[in-house]
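Novice:
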Amino acid sequence: ENAAVYYAARLLEAGDIISLSRRLLVIAAEDIGLAYPMAIPIVKACVDSALQLGLPEARIPLGDAVVLLATAPKSNSGYNAINAAIADVQNGLTGDFPRHLQNKHCDGEDAEIKGQHYLY
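Counting from 1 along the sequence shown, just add 285 to a position and that's the residue number in the working numbering.
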C-alpha cells in the first residue's frame, strides 16, 4: 500500500494525472476484477472527480483509489479468460457459432430454426 501511494505521488508531482488515472482503471479491471467488481465503478468515480478537480485537489480521490486497489482482494480470472479466447481466435480456432445462437433476423436463411432453442 505504501509503495503504491509513493509511486502515485511521484506521478502526481510530475503532473501526470492521465497516466495515473489510466493505470488505476486498468488495475481495477485486470488485477482486482471479479474478486471485487465494485472496484471498477469506484475507481472510475475517483478518476472522474480527479480529472474534474485538477491538481492539487486531484490527489485526494486518486489517493483513495490507490489505497482501495492496493488493499482489495485480487483476481485476474477475467483477464486470463479473455486473453485465452483472443489467442484462440488469433490462432484460427474459431469454429462456427451454434445455430441457436445465430441472429435469426439478419440473413433470413432458416430464420425459423435460428434462435429456436435460445432461452434467454
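No residue lacks a Cβ here, since even glycine has one placed at the ideal position from N, Cα and C.
This one's a predicted model, so the numbers in the text were calculated from it and none came from an experiment.
Would you identify the three-state DSSP class for Leu354, choosing helix, strand or coil?
Specialist: In the structure shown, Leu354 sits in a helix (DSSP, three-state: H, G or I).
Novice: Return yes when the Cβ of Ile312 is within less than 9 Å of the Cβ of Leu338, no when it is not.
Specialist: No, these two residues do not count as a Cβ contact at 9 Å.
Novice: Nearest to Ser360 by alpha carbon, out of Met323, Leu340, Phe382, Asp333?
Specialist: The candidate whose alpha carbon is nearest that of Ser360 is Met323.
Novice: Around the C-beta of Ser362, are 16 or more other C-beta atoms found within 10 angstroms, so that it is buried, or is it exposed?
Specialist: Counting Cβ neighbours within 10 Å, Ser362 comes out exposed, since fewer than 16 surround it.
Novice: Report the option in Val374, Ala320, Leu310 whose CA atom is closest to the CA atom of Pro326.
Specialist: Selected option, being the one with the closest Cα: Leu310.
Novice: Between which two residues does the alpha helix (DSSP H) harbouring Ile312 extend?
Specialist: Looking at the DSSP string, the run of the alpha helix (DSSP H) that includes Ile312 is 302-312.
Novice: With a threshold of 8 Å on Cβ separation, who are the neighbours of Ala289 within its own chain once the five nearest residues in sequence on each side are excluded?
Specialist: If we look at Ala289 and ignore the five residues flanking it on each side, its Cβ neighbours are Val351, Val352, Leu354, Ala355.
Novice: Thinking C-alpha only, which one of Asn376, His385, Ala369, Asn365 is nearest Gly318?
Specialist: Cα-wise, what sits closest to Gly318 is Asn365.
Novice: What do you reckon, are the CB atoms on Ala314 and Leu305 nearer than 9 Å?
Specialist: Result no, Cβ atoms of Ala314 and Leu305 do not sit closer than 9 Å.
Novice: Within 10 Å of its beta-carbon, does Pro346 have 16 or more other beta-carbons around it, so buried, or fewer, so exposed?
Specialist: Burial call: buried.
Novice: Comparing alpha-carbon positions, which option in Val328, Asp316, Cys331, Pro341 lies nearest Leu297?
Specialist: The shortest Cα separation from Leu297 among Val328, Asp316, Cys331, Pro341 belongs to Pro341.
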